[in-house]
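In the order they appear, the protein sequences are chains X and F.
If you read the first sequence in the UniProt record's numbering, its first letter stands for residue 1, the second for the next number, and so on.
If you read the second sequence in the UniProt record's numbering, its first letter stands for residue 1, the second for the next number, and so on.
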Amino acid sequence: MSDIAILADDLRKTFKDVVAVDHISLAVPRGSVLGLLGVNGAGKTTMVRMLTTVLKPTSGKGLVNGFDVMHQQQAVRRSIGLAGQFAAVDENLTGRENLVLVGRLNHLAKAVARTRAAELLDQFRLTDAADRPVRTYSGGMRRRLDLGAALVTHPPILFLDEPTTGLDPSSRLDLWGVIEGLVSDGTTVLLTTQYLEEADRLADNIVVIDGGLVVAEGTAKQLKSRLGDTVIEFEFHSPADAARAADVLGSVTSAGTIVRVVMSEGPETLRQALDRLSAASLVPGHVALREPTLDDVFLTLTGSNSGDPS
Amino acid sequence: MSSTAPSFPAISTKPGVGLAWAVRDTQAMMWRNLTMLRRVPQLLVFAIVQPLIFVFMFRYVFGGAISSVPGVPYVDYLMPGIFVQTVTFGAINTAVGLAEDKNKGLLERLKSLPMSRSAVLGGRVLADATRDIVIVVLMLTIGFLVGFHTHTSVPKVIGGVALMVLFGFAICWIFAVIGLSVSNGEAAQAAAFPLLAPLTFASNAFVPTKSMPHWLAYWADRQPLSITVRGVRALMLGTEPTSYVWGSIIWSLAITAVLAPIAVRRFRNS
Ligand SMILES: Nc1ncnc2c1ncn2[C@@H]1O[C@H](COP(=O)(O)OP(=O)(O)O)[C@@H](O)[C@H]1O
Ligand SMILES: [Mg+2]
């Protein structure tokens, strides 16, 4: 029995001339959680689609639960649950009907599908709303139902594509709790996210991708130690000053008139930076301290802005 | 590696996608697609508003001015055209339904399930054909209320209904391709009209083609909707040769044979 639940070996997917996933390899040990972290358009959804047999890879190999995603699709499908980027539930069916339908399409007997639906509704605190059309559900309820639909067959492997994007903070916390519960039951999870915080909280290992390529991987701790805890942002009056400052400060990145320094040695970093700037008689117009964001991961890892600042 | 197959102590997931599973999956999808019809039957009223307007316009507004319809009262000539137009427009449902399922991520979920691949499209198209039958029966009733008479036997009239539902089924495959090619329901709706207008209006559905300019009549006489309308008239009125019945069946089968595989390929690759 292989102890790798999900394996991607040099997966690639192109759509005509768009390269969605360039070359990505990753491995998820059984019972662990992998966070696939990247901005919009990085290739996260395409990765999930290839590994869940929704899309055929252009090249490369994927193994899920030991089965080949290209040649043993049915076996892969019986091993997984997928909760896609948008809650894929039917608005006109009730919550219960949605779960029974997914059970039936998983080829469960009718009675088993019903029992399982009731269990899941209970588990996700949807029993009161069970017989209302999903149209009347809140965003958080839909996500919970969608997650329930992915769990109908007790799959040993779960794919969650941006499970909390678009949720308010309290629904997000709520869903994190649910996912942590699943993980403690031994389910292997591959989840994608745009939020470092989410990957930090849920994932054992993180793979950062950008432009369809892996740009970093490691535990949350390892990645954050590369980032430092806080970023200092110096803003200058002209791009020329900013460029000079970037030069003087070394190992930093600049975007327009802003120069960022990772505070790897705490306040000492700030003191040194200010010293060097004044030695070069550069005066920043504005200084700010920021907690690291996903954008800083990219600044540090790829040396460029992610392109889409939103 | 075969030893890594998961075991579900409480729930058995049976392997294989045999024909029996394909039928059951298709039924499940049909049931799902017909939910709105079961739950809110009033929606059917909206589905027949547009054909009702056509009945009113052609029967009562233009009807008097339209003379020289061969052999039968104008209302008898008109109603088969209205029926066929109704099932043809009904196919928009297929495009909108599939585009919305794609847009909402439902197709992605369905593709990740161990269900039969053909059940998603099959369930959609069969549900829409079922809806067509309900709507045609409603329209037939309305036809009788406004003075429509059939001139043949009951089996032939039922044959006429079957002929137009088969045609509607074929058109659904065209619309399945459209639905899978656009990004949402509104786009599907917008893409539908330019296709439907030349089929329904440039036809013999409402008026004989001989009053049309030559180039238009050429198209209107030969296109599949006109042939189906003539086939339905043959079966319900007996005013046309039965060769049009066969002509319509061949068109419907040919459209299905060409478009269904394209739709299936679109579904797999989208
Ligand atoms: N079906 C498709 N056709 C064309 N381009 C696509 C398609 N799906 C994704 N892409 C492109 O591939 C890239 C990666 O997309 P995606 O995997 O959805 O990224 P993410 O989920 O990380 O936001 C994007 O540039 C996107 O526009
Ligand atoms: Mg995505």
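In this text, a Cβ means the ideal position worked out from N, Cα and C, and glycines have one as well.
Treat the numbers as computed from the prediction; the structure is a model and nothing was measured.
Tell me which residues share the same chain as Y74(F) and place their Cβ nearer than 7 angstroms to its Cβ, disregarding the 5 neighbours each side in the sequence. Here the set comprises G63 and I66.
DSSP state of F83(F) mapped onto helix, strand, coil: Three-state result, F83(F): helix.
For V262(X) and L106(F), the rounded distance between their alpha carbons: Their backbone Cα atoms lie some 43 angstroms apart in a straight line.
Rounded separation between K111(F) and V231(X) - CA only: V231(X) has its alpha-carbon roughly 43 angstroms from the corresponding atom of K111(F).
Looking only at C-alpha atoms, which of R276(X), K13(X), L11(X) and Q74(X) sits nearest to L113(F)? Minimum Cα-Cα distance from L113(F) among the listed residues R276(X), K13(X), L11(X) and Q74(X) corresponds to Q74(X).
Who are the near neighbours of V19(X) in its chain, counting only those whose CB is closer than 6 angstroms to its CB and skipping five residues on each side? Excluding sequence positions up to five before and after V19(X), its CB lies within less than 6 angstroms of the CB of G212, all in the same chain and listed in chain order.
Looking at the C-beta of residue 320(X), does it have a partner C-beta in chain F at a distance below 8 angstroms? Since the first residue shown for chain X is 1 and the last is 310, residue 320(X) is missing from the structure and cannot be characterised.
Please classify L63(X): is it buried, with 16 or more other beta-carbons within 10 angstroms of its beta-carbon, or exposed? Burial of L63(X) is indicated by the presence of at least 16 other C-beta atoms within 10 angstroms of its C-beta.
Specify, as a first and last residue, the run of the beta strand (DSSP E) that F54(F) falls within. Per DSSP, F54(F) belongs to no beta strand (DSSP E); it is in the alpha helix (DSSP H), L43 to F56.
Please tell me whether, using a cut-off of 7 angstroms, the distance from the CB of V18(X) to the nearest non-hydrogen atom of ligand 1 is below it. The answer is yes for V18(X).
When you check each C-beta in the segment 28–60 of chain F against every C-beta of chain X, which residues fall closer than 9 angstroms? Taking 9 angstroms as the Cβ-Cβ cut-off, the segment 28–60 of chain F approaches chain X at A28, M29, W31, R32, T35, M36, R39 and V40, given in chain order.
Relative to the alpha-carbon of A42(X), which residue among T193(X), S171(X) and G148(X) has its alpha-carbon at the smallest distance? The shortest C-alpha separation from A42(X) is found at T193(X).
In chain order, what residues of the same chain lie with their CB nearer than 8 angstroms to the CB of P261(F), ignoring the 5 residues before and after it? Excluding residues within five positions, none has a Cβ falling inside 8 angstroms.
Given 8 angstroms as the limit, is there contact between the segment 229–236 of chain F and the segment 153–172 of chain F, that is, 3 or more CB pairs closer than that? Under the 8 angstroms Cβ criterion, the segment 229–236 of chain F counts as touching the segment 153–172 of chain F, having at least three qualifying pairs.
Identify, in the order they occur along the chain, each residue of the same chain with its Cβ nearer than 6 angstroms to the Cβ of L34(F), setting aside the five sequence neighbours on each side. The beta carbon of L34(F) is closer than 6 angstroms to those of A127 in its chain, skipping five residues each way along the sequence.
Taking just the CA atoms, how far does I250(F) sit from S138(X)? Those two C-alpha atoms are separated by around 49 angstroms.
Out of P133(X), D241(X), R260(X) and L160(X), point me to the one whose CA is closest to R32(F)'s CA. Considering only alpha carbons, the answer is P133(X).
Rounding to the nearest angstrom, what Cα-Cα distance links K224(X) and G181(X) in this structure? Here the alpha carbons of G181(X) and K224(X) stand approximately 25 angstroms from one another.
Over what stretch of residues does the alpha helix (DSSP H) that includes K110(X) continue unbroken? Here the alpha helix (DSSP H) through K110(X) covers K110 to Q123.
Quick check: the Cα distance between R109(F) and S171(X), rounded to an integer number of angstroms? Between the alpha carbons of R109(F) and S171(X) lies a gap of roughly 22 angstroms.
So, with DSSP's three-state summary, where would you put T209(F)? Three-state result, T209(F): helix.
Looking at the secondary structure, which residues open and close the beta strand (DSSP E) in which D210(X) lies? DSSP places D210(X) in the uninterrupted beta strand (DSSP E) bounded by N205 to D210.
For L63(X), the residue or residues it bridges with in DSSP: Its beta-bridge partners are L7(X) and D68(X).
Got a sec: which bits of the segment 71–92 of chain X sit with their beta carbon under 7 angstroms from any beta carbon on chain F, in order along the chain? Within the segment 71–92 of chain X, the residues whose Cβ lies closer than 7 angstroms to any Cβ of chain F are, in chain order, Q74, A75, R77, R78, S79, I80, L82, G84, Q85, F86, A88, D90 and N92.
Is there a Cβ from chain X that is less than 8 angstroms from the Cβ of K104(F)? With 8 angstroms as the cut-off, K104(F) counts as an interface residue toward chain X.
Closest by C-alpha distance to D10(X), when choosing among I4(X), V214(X) and L202(X): The shortest C-alpha separation from D10(X) is found at V214(X).
May I ask which residues mark the beginning and end of the alpha helix (DSSP H) holding F169(F)? Element bounds for F169(F): V154 to S181.
From V264(F) to F54(F), what distance separates their C-alpha atoms? Cα-Cα distance, rounded: 34 angstroms.
Just confirm the distance between the C-beta atoms of S79(X) and P155(X), as a whole number of angstroms; I'd bet it's less than 8 angstroms. Confirmed, about 6 angstroms.
Figure out for me which residue from E240(F), L44(F) and Y77(F) has the closest Cα to the Cα of G147(F). Closest option to G147(F), Cα to Cα, is Y77(F).
Just to make sure I have the definition right: I need the residues of chain F whose C-beta is within less than 7 angstroms of the C-beta of R104(X). Which are they? Here the neighbours are A28.
Measuring only from the beta carbon, is E268(X) closer than 7 angstroms to any heavy atom that is part of ligand 2? E268(X) Cβ: outside cutoff for every heavy atom of ligand 2.
Name the chain F residues that come within less than 7 angstroms of V21(X), Cβ to Cβ? Result: empty, since nearest Cβ-Cβ is about 16 angstroms, beyond 7 angstroms.
Can a CB atom of chain F be found closer than 8 angstroms to the CB of V287(X)? Between V287(X) and chain F, the shortest Cβ-Cβ separation is not below 8 angstroms.
To be precise: take each residue of the segment 37–54 of chain X, compare its Cβ to all Cβ atoms of chain F, and keep it if any distance is under 8 angstroms. Which residues remain? Hits within the stretch, in order: R49, T52, T53 and V54.
Please name the residues in the segment 233–261 of chain X whose beta-carbon is closer than 8 angstroms to at least one beta-carbon of chain F, in chain order. For the segment 233–261 of chain X, the set of positions with a beta-carbon nearer than 8 angstroms to some beta-carbon of chain F is empty.
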